[in-house]
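Enquirer: Heads up: the protein sequence lines correspond to chains F, Y and R, in order. In this text, residue positions in the first sequence follow my numbering: the first is 1, and each later residue adds one. In this text, residue positions in the second sequence follow my numbering: the first is 1001, and each later residue adds one. In this text, residue positions in the third sequence follow my numbering: the first is 2001, and each later residue adds one. Sending over a structure as structure tokens; questions will come in a sec.
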Amino acid sequence: MLLDPAFLAAQLLNSLQLAMLLFLLAIGLSVIFGLMNFLNLAHGTIYMLSAFIAYSVTQHLGSFWLALALAPLAGAAIGLALFVVLLRRVEASGHLVQVLVTVGVIYVGMDAVRMIYGDLPNDVPLPAVLSGTVDVFGLGYPAYRFFIIGIGLAVQLALYFALERTRLGAVVRAGVDDRATVETLGIDIGRVFRLVFAIGAYLAGLAGVISAPVFGVYPGMDVMIIVLVLIVVVVGGLGSFHGAILGSLLIGFADTFGKILLPNFAMMLIYCVMAAVLVIRPEGLIPSRRFRA
Amino acid sequence: MKMLRTVLGLIAAGSLAPAAWAQQPIKIGVLMPTSGVLAALATEQINGMNIALEEFGGAIAGRKVEMIVEDDEAKPNVGLTKARKLILSDRVDVLTGIVGSDVALAVRPFAEANRVPVVIANAGANALTGENCSPWMFRVSFSHAQLVSNFGAWLVKRGIRRVYALGADFVSPREMVEAFRKGFVAAGGTMVGEAFAPYGTTKDYGPYLSQARAANPDAIFAVFYGAEAILFVKQYQSFGMRDKHRLVTTMGLTPQMLRKAQGDAAAGILESLNYVPELDTPANKAFQAVYLKKYSALGAEFAVMGYDAMRFILEALKSLNGRTDDKAAIAAAIRKVSYEGPRGPMSIDPRNNALTQNIYMTETVNQGGQVVFRVLDTVPRVADPSEGCRMAR
Amino acid sequence: MGLFAAAVVWHAFSTPFGHTLIAETAIFAVFAMSLDLLGGYAGMVSFGHAGFLGVGAYAFTYFAVILGWPPYAAFALAIALGAATAAIVGLFVVRMAGVFFIMVTLSISMMFHAWAFRNPTFKGANGMGGIARLDLSALGLDTNNPAVFSALAIAVCALVWAGMEFLVATPFGRTLSAIRQNQSRMRALGCPVFRYHLAAFVLSGALAALAGVLTAQHTMFISPEMANWLVSGDVLIAVIIGGIGTLVGPVLGSAILVVLRDTLSSFVHYWYFCLGLVFIFFALFAPRGICGLLLGAPGAGGAPKSAAKR
């Protein structure tokens, strides 16, 4: 059965789809950590809030595409506001205080959506044009999942160009490698932080919107995914774009094929993978220069 | 400050000298996961309890009946702490509610030691009326085995002979699948595979759906709850599998509260259930009318199980004329309760303190834009087949 | 000292349910102190301590209930097993730093959780009951009496606290603190940092296992949720709120967290919201925890930074 091309293709696509989603979340978290040394556990909260906003938009304005356009922007706005009002103040307080404040944000966010939206899980319906199946070796595969993969690839390309070809990208890369020197060059690092944080939040919001029709919209969805995202970040290598890509692919494939090939160990598998990677390469697979030994 | 007030309050509550019981209200403790992912379900169950309470006018033999609700967060240690509070501090006469089987198992020894009867309104693990049964614990909801033991044979009669099982990986779905498998195989069916998705992590069922499809079953027996149920049903539909491999299930996959989110993906599923709101009996119509008026919604299985739990307690107390000083008498009275309720005939099986109830074979159909149930067959008075209960009579 | 007096007063005036809270607080405080030893003094913040809690609880249950060995032996063995597990895990894990250490300890505890979740001997996700409390009737003490048990819990907590006070003042403790403050300098001075860190890890694991055994005794029930990462997060927050790097801090933080969690939900429906606001408040205005507020001066140290080399 494993060698059946239709089955293999389907699982391959499943892995890629999960990897794309994880990448969208991991890249923001990773660069924020690499650049600002800030462990933002509340990244998942932005993901969740954007998904809920997407739900509201589809409910009241009737269009998924409008939600796709608006919700990530809302996510970026919320993320930026969170940063400026709250998180910036604890940036220098060390990881523990950052854990405390971001867990506080997670708790507040969780009950906030319950207060506004109630306790029931909500649904964002698949956009009509993408609700069919595509023929893959004779079996139908959901068209929408191709869409997720497509968006993921588009974002990766866009980020690659931004990082490699723009000035801001150069500043970010330099800042992740050696922040102190960048500051001495007279660059307004505060403005760069805000921009990076906003873009990271935008991507988290994008992940929330595009995953909503498949993964649903409900309180606690951020807690469910944040551990997996942290694992991707750590395995891939902190602050590293290529690391995030590699990490998300590795975890996406490990999770999908692990569930099929080793069902009894499915729960443990990802943790074992991470522990194994860290024991062999303690800084992750492709760490940015600052974190290399 | 709050802590001091709380402590003082608890001291005051605990040191009230026991007055003559006739003047005191009857206290019923309700343990429910009122925060977290099960909150909506908890609310529905408590609504049902309120309806039962109102039916009795909120009092038994002149004594007011008080419900004290505590949040067990669906965690056994928290449930135990709150049970301690209800029993030791609030001095409840009876305990009810309990959604999580692990919470029920944790609370049981404590309730037993303090001689407080427990009437379970949900938790379905077989062990609770099996090897972990207790003369102080009753269950008026269902057991996993009870819900699906007749399903397999019924499906075989409809021409479904190959089934692949998919479920969330914890006790409840596993017990359902096992009970289903026993009945199905005994009736001549073949299980072509089973897989369980890790609980509480990512909700991508793509890998499992692809794998199930590869085994070419006639039907997929799926057991998921809550948000997972919504996602599974939608993802199942997105893979376009319905024509070749239809979906069959039991309680939890398409309850009323989730069907709006599932849309038309919830139609066309065969389900073995202990209740559907569409049951056409006078008792059920009356219940639905009251629920609709009070809560502007349809009262589904969780509401009715809450209703029945409270009703069993109140009927028992009524038969004792509201006396709560003899706890063993309350337990004995609960065991003897029987009535014709919204679900059908209700009675307790003295063998294991479990409920004997009708099981309905149903199908979900799309009716004017809404998905409703259509009852196809009724299996009357199904006893709880959980094994291993050794209760002294 | 004042804290101990306060505990005694609380105990004297408490209702049966109050005793449950006291016992829970005292046991959580032991757990928190074990984390603070590792995180506050040795500078290695673990996000997986719930794993050791679970090891202690499950080991005790295995020896005492499943194998039926005498409870005292089971008690000691469970702690020993906690220490042994910490030793084995520590060999691999202790040389990592900062965020990586956090993630690996998290994964170890989740592996334990996953194992316990599916393990039939311990009844998997349902959890297992039937754990009897230690029989101290020879001393005239009925441990099933909530007041007696909570008094015992306070006693154990006080003992652990005293032990830690002592340890921190010994050369071993002082060296640990020095390593935390400047690891490269200590290494340059020839200090075997790895061995010290491993020793701290083992001791911390053993203490957490002790807390695990006590928890099993308290609730008379074990379940995989004891080792969930959310529990690790809880105890970490308790330590941070109380004041990391002090000894009183974990105890205070535990008291606050336990009382808030168990009583808030009776008054407020959306209590996660309130709890979250409390955390944010502390992070903004009292980042060194209550001890930081009260004492003004920092304890044995503030939050350890990540070990990224600059």
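All C-beta atoms, glycine included, are put in the ideal place defined by N, C-alpha and C.
#1: For Gln17/F, tell me which candidate among Gly152/F, Arg165/F, Arg179/F has the shortest Cα-Cα distance.
#2: Is the CB of Ala1303/Y under 9 Å away from at least one CB in chain F?
#3: Any idea which residues DSSP pairs Leu1398/Y with across the strands?
#4: If distances are taken between C-alpha atoms only, which option among Leu1376/Y, Ser1134/Y, Ile1120/Y comes closest to Gly1268/Y?
#5: Identify the residues that DSSP records as bridge partners of Glu1363/Y: which are they?
#6: Beta carbons nearer than 9 Å to chain Y: which residues of the stretch 2011-2037 of chain R have them?
#7: Output the distance between the C-alpha atoms of Gly968/Y and Ala77/F, rounded to the nearest integer angstrom.
#8: Any contact of the stretch 1222-1241 of chain Y with the stretch 112-124 of chain F, i.e. 3+ C-beta pairs under 8 Å?
#9: What are the residues in the stretch 2277-2291 of chain R lying within 7 Å of chain F by C-beta distance?
#10: Which residues, taken in chain order from the stretch 102-120 of chain F, show a beta carbon closer than 9 Å to some beta carbon of chain R?
#11: With a Cβ-Cβ cutoff of 9 Å, do Ser2232/R and Ala2050/R count as a contact?
#12: What does Asp123/F reach in chain Y if we use C-beta pairs closer than 8 Å?
#13: In this structure, does DSSP put Leu1279/Y in helix, strand or coil?
#14: Under 9 Å, do Ala67/F and Ala54/F count as touching if we go by C-beta distance?
#15: Val2235/R versus chain F: which residues are under 8 Å apart at the beta carbon?
#16: Taking the CB atoms as reference points, tell me whether Asn1353/Y and Pro1345/Y lie closer together than 9 Å.
#17: Just mark Pro287/F as buried or exposed, buried being the case when its beta carbon has 16 or more other beta carbons within 10 Å.
#18: Tell me, which residues are paired with Gly140/F by DSSP?
#19: How would you list, in chain order, the residues of chain F whose beta-carbon sits under 8 Å from the beta-carbon of Tyr2272/R?
#20: Please list the terminal residues of the continuous beta strand (DSSP E) segment that includes Ser1347/Y.
#21: Kindly list, in the order they appear in chain F, the residues whose Cβ is closer than 8 Å to that of Ile2240/R.
#22: Using a Cβ-Cβ cutoff of 7 Å, what residues of the stretch 2101-2125 of chain R are near chain Y? List them in chain order.
#23: Between Lys2305/R and His95/F, what straight-line distance do the alpha-carbon atoms span, to the nearest angstrom?
#24: What residue range does the beta strand (DSSP E) around Gly1460/Y cover?
#25: How long is the line joining the alpha carbons of Ser2046/R and Gly2090/R, rounded to whole angstroms?
#26: Taking the Cβ atom as the reference point for each residue, do Thr1364/Y and Glu1301/Y lie within a distance shorter than 9 Å?
#27: Excluding five sequence neighbours on each side, which residues of the same chain lie with their C-beta closer than 6 Å to the C-beta of Val90/F?
#28: Which residues does DSSP pair with Arg1139/Y in a beta bridge?
#29: Strictly below 9 Å CB to CB, what residues from chain R border Glu1070/Y?
#30: Residues of chain F with CB under 8 Å from Val2099/R, in chain order?
#31: Considering only residues of the same chain and omitting the five flanking positions on each side of Glu1387/Y, which have a CB-CB separation below 6 Å?
#32: Name the DSSP beta bridge partners of Val217/F, please?
#33: Do Met1310/Y and Leu1053/Y have their C-beta atoms closer together than 9 Å?
#34: Ser1338/Y lies in the alpha helix (DSSP H); which residues open and close that run?
#35: Going by beta-carbon coordinates alone, are Val1099/Y and Ala1074/Y separated by less than 9 Å?
#36: Roughly how far, in whole angstroms, is the beta-carbon of Val171/F from the beta-carbon of Leu163/F, given that I think they are within contact range, below 8 Å?
Expert: With the given structure in hand:
#1: For Gln17/F, the nearest C-alpha among the options comes from Gly152/F.
#2: Residue contact check for Ala1303/Y against chain F: no CB pair falls below 9 Å.
#3: Only positions 1001 to 1393 of chain Y appear in the structure, and residue 1398/Y is not among them; the question remains open.
#4: When each option's Cα is compared against that of Gly1268/Y, the closest is Leu1376/Y.
#5: Per the DSSP secondary-structure output, Glu1363/Y pairs in a beta bridge with Leu1270/Y, Arg1374/Y.
#6: For the stretch 2011-2037 of chain R, the set of residues with a beta-carbon nearer than 9 Å to any beta-carbon of chain Y comprises Phe2013, Ser2014, Thr2015, Pro2016, Phe2017, Gly2018, His2019, Thr2020, Leu2021, Glu2024, in chain order.
#7: Chain Y is shown only over 1001 to 1393; residue 968/Y falls outside these bounds and no answer can be derived.
#8: The stretch 1222-1241 of chain Y, when compared against the stretch 112-124 of chain F, does touch it at the 8 Å Cβ threshold.
#9: Among the residues of the stretch 2277-2291 of chain R, those with a Cβ less than 7 Å away from any Cβ of chain F are Leu2277, Phe2279, Ile2280, Phe2282, Ala2283, Leu2284, Pro2287, in the order of the chain.
#10: Of all residues in the stretch 102-120 of chain F, only Thr102, Val103, Gly104, Val105, Ile106, Tyr107, Val108, Gly109, Met110, Asp111, Ala112, Arg114, Met115 come within less than 9 Å of chain R when Cβ atoms are compared, listed by chain position.
#11: In contact: Ser2232/R and Ala2050/R (Cβ atoms closer than 9 Å).
#12: Correct list: Ile1230, Lys1234, Lys1260, Ala1261, Gln1262, Gly1263.
#13: DSSP, read as helix, strand or coil, puts Leu1279/Y in coil.
#14: Contact flag set, yes.
#15: Simply none; closest approach about 12 Å.
#16: The Cβ atoms of Asn1353/Y and Pro1345/Y lie no closer than 9 Å to each other.
#17: Taking all protein chains in view, the Cβ of Pro287/F is crowded by 16 or more other Cβ atoms within 10 Å, so the residue is classified as buried.
#18: In DSSP, Gly140/F forms a bridge with Asp135/F.
#19: Near Tyr2272/R (Cβ distances below 8 Å), the residues of chain F are Tyr107, Val108, Met110, Asp111.
#20: Start and end: 1344-1349.
#21: Ordered by position in chain F, the residues that pass the 8 Å Cβ test against Ile2240/R are Leu96, Val97, Val99, Leu100.
#22: Flagged, chain order: Gly2124, Ala2125.
#23: With a pLDDT of 41 at Lys2305/R, under the threshold of 50, the predicted position of this residue should be treated as unreliable, and no value is reported.
#24: A question about residue 1460/Y goes unanswered here, because the residues of chain Y that appear run from 1001 up to 1393.
#25: So the two alpha carbons sit approximately 11 Å from each other.
#26: Against a cut-off of 9 Å, the Cβ pair of Glu1301/Y and Thr1364/Y comes out as no contact.
#27: Within the same chain, Val90/F has close Cβ partners Val97, Gln98, Val101.
#28: Ile1120/Y, Ala1354/Y.
#29: By Cβ distance, chain R contributes Ser2265, Ser2266.
#30: Using a Cβ-Cβ cut-off of 8 Å, Val2099/R is close to Phe33, Leu39, His95, Val234, Leu238 of chain F, given in chain order.
#31: Non-local beta-carbon contacts of Glu1387/Y in its own chain, meaning distances under 6 Å to residues more than five positions away in sequence, involve Gly1130 in chain order.
#32: Partner(s): Asn122/F.
#33: Going by C-beta atoms, Met1310/Y is nearer than 9 Å to Leu1053/Y.
#34: Not the alpha helix (DSSP H): Ser1338/Y falls in the beta strand (DSSP E), residues 1338-1341.
#35: Yes, the Cβ-Cβ distance between Val1099/Y and Ala1074/Y is below 9 Å.
#36: Val171/F to Leu163/F, Cβ: 10 Å. No contact.
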